[in-house]
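Just below is one structure, and these are the notes that go with it.
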Amino acid sequence: DAGITQSPRYKITETGRQVTLMCHQTWSHSYMFWYRQDLGHGLRLIYYSAAADITDKGEVPDGYVVSRSKTENFPLTLESATRSQTSVYFCASSEKGNQPQHFGDGTRLSIL
Amino acid sequence: SQQGEEDPQALSIQEGENATMNCSYKTSINNLQWYRQNSGRGLVHLILIRSNEREKHSGRLRVTLDTSKKSSSLLITASRAADTASYFCATDDGSARQLTFGSGTQLTVLP
C-alpha cells in the first residue's frame, strides 16, 4: 500500500550511542522532512531534502545527520545521542516543499 | 522561531457545538495549511488556503485567511467526539521549500 512508514515505532537507547531512524515513502515524492515534536514546542524541522542527494538544515539540525541516496528513503541518524534528543520524531513527504505533507506515525525515542 | 501560533492552546466544548481555532503568523506566505493530529499518530492534512483566497470550505471545516492581519481561523461545525485531537496551522515562508508549524490547539469534544 502507498504510504509513509517509520521504523522503529519505539526506541530506548543510552547517551553516547548512535541510533538511526528510518523513513520510507512509496509516493515518489520529491520532498522529505524530519521533525521532532516536544511538549510546548510543536513540530520543529530538523532536516529536509528536496531530492535524492540534496539535503538542507532546518531549525534544529545540531546533533543529527541525514542522507538521501534514494528518493524513497530518508534516514535520520543521531551520531551520539543525548538526553535532550528524547522526543517523538516524525518523517513526512510532499510533492513540493510548501504543499500538503504526508506524515508517518512517528518514532518515540527515549535516551537514558 | 514559530511562524504560526495557534490560539487557544486548549479548547473544550460539548458535542454539537462549533469549535474555532486561530492562527497568527509573521511573514508573507504562499499558503496556509491546517492539520489534525490524533493522539499517538502523525499529522493529517485537512485543508490548504492560498494567500489570494479569503475563505475555503471542506465538509464541516471552514477556513478563513486575512493576510492584512496575518491570521487564519479554522471553524469546525457541529463537532463530534471523534474531532478530539490537536490542530496545527502551518505556513510556508514564501520559499516554497518547507513549512513551519505552530504549537497547536488541543481540542476536546465532550459527548
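Heads up: the protein sequence lines correspond to chains E and U, in order.
For this note's numbering, add 2 to where a residue sits in the first sequence, where the first one is 1.
For this note's numbering, add 65 to where a residue sits in the second sequence, where the first one is 1.
Even for Gly, the Cβ is constructed at its ideal location relative to N, Cα and C.
For G169(U), the residues of chain E that pass the 9 Å Cβ criterion are G44, L45, in the order they occur in the chain. Uninterrupted beta strand (DSSP E) stretches at least 3 residues long and entirely within the region 81-135 of chain U occur at 84-90, 96-102, 108-115, 120-123, 126-131, given in chain order. Comparing alpha carbon positions, the residue from N83(U), G81(U), S133(U), S104(U) closest to G169(U) is S104(U).
The three-state reading of DSSP puts D58(E) in strand, counting E and B together. Beta bridge pairing from DSSP links K13(E) with L111(E).
Using a Cβ distance threshold of 8 Å, T84(E) and L23(E) do not count as a contacting pair.
Burial state of E71(U) is buried, judged by a 10 Å Cβ sphere holding 16 or more other Cβ atoms. Taken atom to atom, the span from the alpha-carbon of S96(E) to that of G124(U) is near 23 Å. Y100(U) sits buried, since 16 or more C-beta atoms from the chains shown fall within 10 Å of its C-beta. Taking the Cα of C154(U) as reference, the smallest distance to any Cα among R127(U), S137(U), G107(U), A147(U) is reached at S137(U).
For W36(E), the enclosing beta strand (DSSP E) begins and ends at 33-40. Here G99(E) has Y33, Y50, A52 as same chain residues with Cβ atoms under 8 Å from its own Cβ, once five neighbours each way along the sequence are excluded. For A161(U), the chain E residues whose Cβ falls inside 8 Å of its Cβ are K98, G99, N100, in order along the chain. For T149(U), there is no enclosing beta strand (DSSP E), as DSSP marks it with neither H nor E. Between F76(E) and chain U, the shortest Cβ-Cβ separation is not below 8 Å. Around Y50(E), the beta-carbon contacts reaching into chain U at under 8 Å are R162, Q163. For the region 101-113 of chain U, the set of residues with a beta-carbon nearer than 8 Å to any beta-carbon of chain E comprises G105, R106, G107, L108, V109, H110, L113, in chain order.
Contact with chain E is absent for D72(U), since none of that chain's Cβ atoms lies less than 8 Å from the residue's Cβ.
Rounded to whole angstroms, the Cβ separation of Q87(E) and L114(E) is 12 Å, and the two are not in contact under 8 Å.
For F76(E), there is no enclosing beta strand (DSSP E), as DSSP marks it with neither H nor E. DSSP, read as helix, strand or coil, puts R85(E) in helix.
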